[in-house]
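**Student:** Just so you know, the sequences run in chain order A and B.
For the first sequence, this note's numbering begins at 1 and goes up steadily by one.
For the second sequence, this note's numbering begins at 1001 and goes up steadily by one.
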Amino acid sequence: MMKNKNFKGCFSLLLTTLLLFLSTLATAIEFDEIREYGDVFEVSATASDRQQIEVSWKIADGFYLYNNKFLRFKTETAGVILGEAVIPPGKPVFDDLLGEEVIKFHDKLTISLPLESVAPGVELVSLKLRSQGCMEDVFCYPPTDQLLVVNLPAAAQATLPEASSQAATSLADVFNTSVTAPGQDAINDEPALPADEAFVYEAISYSAETILVRFTSQPGYYLYRDKLNFTVSGDSGFEVSSVDLPEGTIKDDPEFGPVEVYFGLIEVPVHINRTAGPEQTISLQADYQGCRDGDICYPPQTSTVELSMPAASAPTPGKKQSKPPSDGQATGAQQSEQDVLAKMLLSNPSGALFAFFIAGILLAFTPCVFPMVPILSGIIAGQGERMTTSRAFWLSLVYVLAMAVTYTVAGVLAGLFGQNLQALFQNPWILGFFIAIFIALAFSMFGFFELQLPSRLQTRLTEASNQQKGGSLTGVAVMGFLSALIVGPCVAPPLAAALIVIGASGSALLGGAALFALSMGMGVPLILFGVSAGKLVPKAGPWMDSIKAVFGIALLALAIWMLERIVQGPVILLLWGVLAIASGVYLGALESIPQGASGWKRLWKSLGLVLLLLGTIEIIGAASGGDDWMKPLKSIRSGSPVNSVEHVTFQRIKSLDDLDSAVERVNQSGQAAMLDFYADWCVECIRMERNTFGEPEIQKLFAEIKPLQADVTENDNIDQALMQKYGVIGPPAILFFDRQGREMPAFRLVGYFEADEFAKHLQNVLEAQ
Amino acid sequence: MMRQLLITMVAITALLTGFYLSARHFSEPAVTPQPASIGTGPLLGNTRPDFQLASHAGEFISPADYSGKTLLINFWATWCAPCRQEMPMLMDLQRQYASSGLQVVGIALDDAQSVRSFVQTYGISYPILVGSEDVFETSVAYGNDEGVLPYSVLIDKTGVVRWQYAGIIQHDEITKLLSDFL
């Protein structure tokens, strides 16, 4: 206690003096003024013989390096042993704050590293230099590793082999010519160097999973940054996971505009994914392209270097740097879409509610809302002669209001209790019941029977409401309510945002208002559609029957579409086929056209024939085991059942424990992980599977981000626990886990994404690692 | 017909306005008036990133453990002279503003042994977390790209980052900030 007091007294005094001092001295550092370590402490190394390496730091003004416990030197080059480093003594000063003597170096620090032994033939030594320094009186950098490769002079008796690099045959070698840049005369009199002399490619293994590559361009020659590419050739179980390309110089190329190029020497850490195994020789292939400045350009070159990789005892994580790459965005700086919306809702409610309304209108044109169109128009058309425009409007409005209120209530409940009502309703029995209703509605459209309540009940109801209006308004409200729950389960970003607001602020009202605005937005096109249906639908006659038949087919299509959540694969294709053929026949595809028939009749018949053909294709697809009605013949084309191709990369997980162990396994092989929440009833998920995940560019990225999938169709306790742990309301939602197994909340995705958009996001996830 | 349509539109507008006004009325505490942002930094105005780090006593601590408090997070190390310079002030701040809801949390990029003896020697009274790689990454996640020390972040009661600062905190500046956010 006494000690404590002394310390404080002593320090208070010191503090006051310092504060007085500091207040006169503006030491505030802007964020972009914090320079990178390598920029402040610029390191280089040379070896004049095979006895020692000289390492030297150029230290920026106002900064210093310590000679402290962090100053360390290491090599992992096989056959090289470093001796004790010779560090200049410096001038020890007593540091009051650290309570000990320290040695600081300003301006420059040069140390010499003796090489105790170097195996013959070793020409490159990789060095890992750890040091720690500060900006005087302001801040300190953490201990930081810097990587270097040093060229050793060849041993006296040894001839000079062209390193271990074997310049492989390139196009230039074959034709023994260089390509002159178009529009440029050769202005350089000297003959251009062969490509492999102009650009020297060397590589050395730095650790079990990192290779350091060095490219040296002769003076006046440069390489294009974006043309550099590295691959491990052969079937070695090794592959390149990432490449840390340094920043280049911007060159204003007359042909391409500004491009990033490298002059002189660059060093590039190349990170490798590998399995465990003993020391092994692999070939690292480099693709590159460069030019002589203002003169000639070489065609794309390919060179290969053989190098021996040290043994890896256990599967190693891909790359683990002590510092993140400088261009990598800090994870926290990026925000997921729904967080942005949620924040907006809290800070500017009126603007946000409007945004939600607009978002709703846009959402109306997604498969979430499509199915409501035939339901609503079916109801309106079903009213037949009694329909007036104003009545159509009221019916649509009530339908939309019921839907909006349902969405709002369901959403608020989900936010407050974390229970997804829509998921509860995706039960095969409820879906089946609804499908039956749609089929019945469809048949009544075809005029097989009138869908009416028993007449006694109807009279009573009519008496009760005294007007036929009340009865059908209630009916339409019930349909709106059920449609919201069962037909269109959607978790789009705005919905998720509203739920986050409810969860985060506890303001059910604000979240509810947002959901209501969203749903009303979704309803606007529906109301417009309903009103125009009421206006356009003729009151009676054969036209009316045709239009009713169209709605009937739409309702049947809706039934099949919903059935897809329960029954999968060929059955659906078969049903689509039958529906298409039946519609074709209905349109008169098989009837002969009498002489002098009207143009309309011919048009309908052609349409009918097209439908007939489409239906046949669907049925053929069904018979051959296809399961995607959008691409019925895919299974025939690829020659194998489709599902094995599409789902092969997704490892299914169920519980939180599954997830943990799966992510751990993925991390062990040096990959990041992605968790996709999926359900059979989730329309957007199925669209993602069909349109996005299968794309080759995405499949390529999946090599680095291992996709896992949680099927939450059942929505049981285990599924709910998994969703609750990550605050996921329901599918479609995609989470990402970095190479250390931590979830990256800023990169969450909710909703449907096209392949290129999704690919870009995956790239961002990788860059943020 | 037109009249009905008009009435309905008015009704919907009124409904939405009502929702909005009541929402604004009831969500008052969540939408605190925001003081002009002070200082610079990539994270300002964003929700704080989460972390879970071990304290020098060995228990795991995450920011959620201090929910409802204004957090002053200070990244430091025993080998960092400027960090040691500002620690007495941080202790003073903790003592002075604890009753108004301030919680200072120190996060050391260091080894546990050095931190333990430092904390004992100087009687540091606020929680100290310690780690190496994980601390560095937390610091980066909090907007400190180079991981420099000392580095401080002020987080308001709702978990929003209000201030980021690399270097020794100036007493005047922090007291002014605290008077705005406490």
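Glycine included, each C-beta is placed from N, C-alpha and C at the ideal position.
As the structure is a computational prediction, the values presented were derived from the model and not from experiment.
Between residue 98 (chain A) and chain B, is there a C-beta pair that is closer than 8 Å?
**Tutor:** Looking up residue 98 (chain A) in the first sequence gives position 98. Yes, because at least one Cβ of chain B sits closer than 8 Å to the Cβ of residue 98 (chain A).
**Student:** Taking a Cβ distance cut-off of 9 Å, strictly less, list which residues of the segment 59-88 of chain A are near chain D, in chain order.
**Tutor:** The question asks about chain D, but that chain is absent: this structure's protein chains are A and B.
**Student:** For residue 404 (chain A), which residues in the same chain have their Cβ closer than 7 Å to its Cβ, ignoring the five residues on either side in sequence?
**Tutor:** If you number the first sequence from 1, residue 404 (chain A) lands on position 404. Closer than 7 Å at Cβ, skipping near neighbours: 516, 519, 520 and 523.
**Student:** Could you pull out every residue in the same chain whose Cβ sits closer than 6 Å to the Cβ of residue 623 (chain A), ignoring the five residues on either side in sequence?
**Tutor:** Here residue 623 (chain A) refers to the residue found at position 623 when the first sequence is read from its first residue. Counting only residues of its own chain and dropping the five nearest sequence neighbours on each side, residue 623 (chain A) has no CB closer than 6 Å to any other CB.
**Student:** Below 8 Å between beta carbons: does that hold for residue 141 (chain A) and residue 104 (chain A)?
**Tutor:** Indexing the first sequence from 1 puts residue 141 (chain A) at position 141. Indexing the first sequence from 1 puts residue 104 (chain A) at position 104. Cβ distance not < 8 Å, so residue 141 (chain A) and residue 104 (chain A) don't count as in contact.
**Student:** Can you tell which of A:136, A:145, A:444 and A:133 has the C-alpha that lies nearest to the C-alpha of residue 126 (chain A)?
**Tutor:** By one-based count along the first sequence, residue 126 (chain A) stands at place 126. Minimum Cα distance to residue 126 (chain A) is reached at A:145.
**Student:** Tell me where the alpha helix (DSSP H) around residue 1079 (chain B) begins and ends.
**Tutor:** Locating residue 1079 (chain B) in the second sequence gives position 79, counting from the first residue. That residue, residue 1079 (chain B), is in no alpha helix (DSSP H); it is neither H nor E in DSSP.
**Student:** When you compare the segment 656-670 of chain A with the segment 607-617 of chain A, are there three or more beta-carbon pairs, one atom per stretch, that lie closer than 8 Å?
**Tutor:** no
**Student:** Between which two residues does the alpha helix (DSSP H) carrying residue 696 (chain A) extend?
**Tutor:** For the purposes of this step, residue 696 (chain A) is taken as the residue at position 696 of the first sequence. Its alpha helix (DSSP H) spans residues 696-701.
**Student:** Since residue 1084 (chain B) meets chain A, which of its residues come closer than 8 Å, beta carbon to beta carbon?
**Tutor:** As a working mapping, residue 1084 (chain B) is identified with position 84 in the second sequence. Neighbours of residue 1084 (chain B) on chain A, chain order: 97 and 98.
**Student:** If you follow the alpha helix (DSSP H) that residue 445 (chain A) is in, where does it begin and where does it stop?
**Tutor:** By 1-based counting over the first sequence, the position of residue 445 (chain A) is 445. Taken as a continuous stretch (DSSP letters only), the alpha helix (DSSP H) holding residue 445 (chain A) covers 428-445.
**Student:** Once you ignore the five residues that flank residue 1118 (chain B) on each side, which residues in its own chain have a CB closer than 7 Å to its CB?
**Tutor:** Locating residue 1118 (chain B) in the second sequence gives position 118, counting from the first residue. Closer than 7 Å at Cβ, skipping near neighbours: 1078.
**Student:** Just the C-alpha distance for residue 69 (chain A) and residue 55 (chain A), rounded to the nearest angstrom, thanks.
**Tutor:** Locating residue 69 (chain A) in the first sequence gives position 69, where the first residue counts as 1. Locating residue 55 (chain A) in the first sequence gives position 55, where the first residue counts as 1. Roughly 18 Å separates the two Cα atoms.
**Student:** Beta carbon of residue 1053 (chain B), beta carbon of residue 1142 (chain B): below 8 Å?
**Tutor:** Against the second sequence, residue 1053 (chain B) aligns to sequence position 53. Against the second sequence, residue 1142 (chain B) aligns to sequence position 142. Their beta carbons are not under 8 Å apart, which means residue 1053 (chain B) does not touch residue 1142 (chain B) by this criterion.
**Student:** What are the boundary residues of the alpha helix (DSSP H) that includes residue 67 (chain A)?
**Tutor:** Within the first sequence, numbered from 1, the residue matching residue 67 (chain A) stands at position 67. Residue 67 (chain A) -> no alpha helix (DSSP H), and no H or E assigned at all.
**Student:** Determine whether the beta carbon atoms of residue 617 (chain A) and residue 674 (chain A) lie at a separation below 8 Å.
**Tutor:** The sequence position of residue 617 (chain A) within the first sequence is 617, counting from 1. The sequence position of residue 674 (chain A) within the first sequence is 674, counting from 1. No, the pair does not count as a contact, with Cβ atoms beyond the cut-off.
**Student:** Can you round the beta-carbon distance between residue 53 (chain A) and residue 150 (chain A) to whole angstroms, since I take them to be within the 8 Å contact cut?
**Tutor:** By 1-based counting over the first sequence, the position of residue 53 (chain A) is 53. By 1-based counting over the first sequence, the position of residue 150 (chain A) is 150. Confirmed, Cβ separation roughly 5 Å.
**Student:** Beta-carbon separation of residue 431 (chain A) and residue 566 (chain A) under 8 Å?
**Tutor:** The residue given as residue 431 (chain A) occupies position 431 in the first sequence. The residue given as residue 566 (chain A) occupies position 566 in the first sequence. It is a contact, given that the beta carbons lie within the stated cut-off.
**Student:** For residue 360 (chain A) and residue 654 (chain A), I'd like the C-alpha separation in whole angstroms.
**Tutor:** Numbered from its first residue, the first sequence carries residue 360 (chain A) at position 360. Numbered from its first residue, the first sequence carries residue 654 (chain A) at position 654. C-alpha separation (whole angstroms): 33 Å.
**Student:** When Cβ atoms are compared, which residues of the segment 136-158 of chain A fall closer than 7 Å to chain B?
**Tutor:** 137, 138, 139, 140, 141 and 142
**Student:** Apart from the five residues just before and just after residue 1160 (chain B), which ones in its own chain have a Cβ nearer than 8 Å to its Cβ?
**Tutor:** The sequence position of residue 1160 (chain B) within the second sequence is 160, counting from 1. Excluding residues within five positions, the ones whose Cβ falls inside 8 Å are 1045, 1046, 1047 and 1048.
**Student:** Where does residue 667 (chain A) land, buried or exposed, given buried means 16+ other C-beta within 10 angstroms?
**Tutor:** Locating residue 667 (chain A) in the first sequence gives position 667, counting from the first residue. By the neighbour-count rule (16 or more Cβ atoms within 10 Å), residue 667 (chain A) is buried.
**Student:** Tell me the residue span of the beta strand (DSSP E) that contains residue 1126 (chain B).
**Tutor:** Position 126 of the second sequence, counted from the start, is the residue given in the question as residue 1126 (chain B). Taken as a continuous stretch (DSSP letters only), residue 1126 (chain B) belongs to no beta strand (DSSP E), as it is neither H nor E.
**Student:** Could you tell me the boundaries of the beta strand (DSSP E) in which residue 239 (chain A) lies?
**Tutor:** As a working note, residue 239 (chain A) is residue 239 in the first sequence. Taken as a continuous stretch (DSSP letters only), the beta strand (DSSP E) holding residue 239 (chain A) covers 239-243.
**Student:** Report the CB separation of residue 372 (chain A) from residue 483 (chain A) in whole angstroms; it is logged as a contact under 8 Å.
**Tutor:** Counting from one through the first sequence, the residue named residue 372 (chain A) turns up at place 372. Counting from one through the first sequence, the residue named residue 483 (chain A) turns up at place 483. Going by Cβ atoms, the distance from residue 372 (chain A) to residue 483 (chain A) rounds to 5 Å, so yes, they are a contact pair.
**Student:** Which word fits residue 652 (chain A), buried or exposed, when buried means at least 16 other C-beta atoms lie within 10 angstroms of its C-beta?
**Tutor:** Residue 652 (chain A) sits at position 652 when you count from the first residue of the first sequence. Per the 10 Å Cβ criterion, exposed.
**Student:** From the DSSP secondary-structure annotation, give me the bridge partner or partners of residue 57 (chain A).
**Tutor:** Here residue 57 (chain A) refers to the residue found at position 57 of the first sequence. Paired residues: A:43 and A:109.
**Student:** Using three-state DSSP, classify residue 614 (chain A) as helix, strand or coil.
**Tutor:** Counting from 1 along the first sequence, the entry for residue 614 (chain A) is found at position 614. Three-state result, residue 614 (chain A): helix.
**Student:** Run down chain B in chain order and give the residues with a C-beta less than 8 Å from the C-beta of residue 37 (chain A).
**Tutor:** Walking along the first sequence from the start, residue 37 (chain A) turns up at place 37. The answer, in chain order, is 1146.
**Student:** Between the segment 720-735 of chain A and chain B, which residues of the former have a C-beta closer than 9 Å to a C-beta of the latter?
**Tutor:** none
**Student:** Taking just the CA atoms, how far does residue 741 (chain A) sit from residue 440 (chain A)?
**Tutor:** As a working mapping, residue 440 (chain A) is identified with position 440 in the first sequence. As a working mapping, residue 741 (chain A) is identified with position 741 in the first sequence. If you take the alpha carbons of residue 440 (chain A) and residue 741 (chain A), they lie about 51 Å apart.
**Student:** So is residue 738 (chain A) buried or exposed if we call it buried at 16+ other beta carbons inside 10 Å?
**Tutor:** Here the question's residue 738 (chain A) lines up with position 738 in the first sequence. When all chains shown are included, residue 738 (chain A) counts as buried.
**Student:** Tell me which same chain residues have a C-beta within less than 8 Å of the C-beta of residue 232 (chain A), skipping the five on either side of it?
**Tutor:** Along the first sequence, read from residue 1 onward, the residue named residue 232 (chain A) stands at position 232. Once the five neighbours on either side are set aside, the close Cβ partners of residue 232 (chain A) are 238, 239, 240, 272, 282, 283, 284 and 285.
**Student:** Nearest chain A C-beta to residue 1060 (chain B) closer than 8 Å, yes or no?
**Tutor:** Position 60 of the second sequence holds residue 1060 (chain B). No, no contact with chain A.
**Student:** Drop a sphere of 10 angstroms on the beta-carbon of residue 72 (chain A), count the other beta-carbons inside from all chains shown, and report buried for 16 or more, exposed for fewer.
**Tutor:** For this step, residue 72 (chain A) is matched to residue 72 along the first sequence. Exposed, since its Cβ has fewer than 16 Cβ neighbours within 10 Å.
**Student:** Mind listing, in chain order, the continuous beta strand (DSSP E) runs of no fewer than 3 residues lying wholly within the segment 92-156 of chain A?
**Tutor:** 92-95, 100-105, 108-118, 124-131, 133-135 and 144-151
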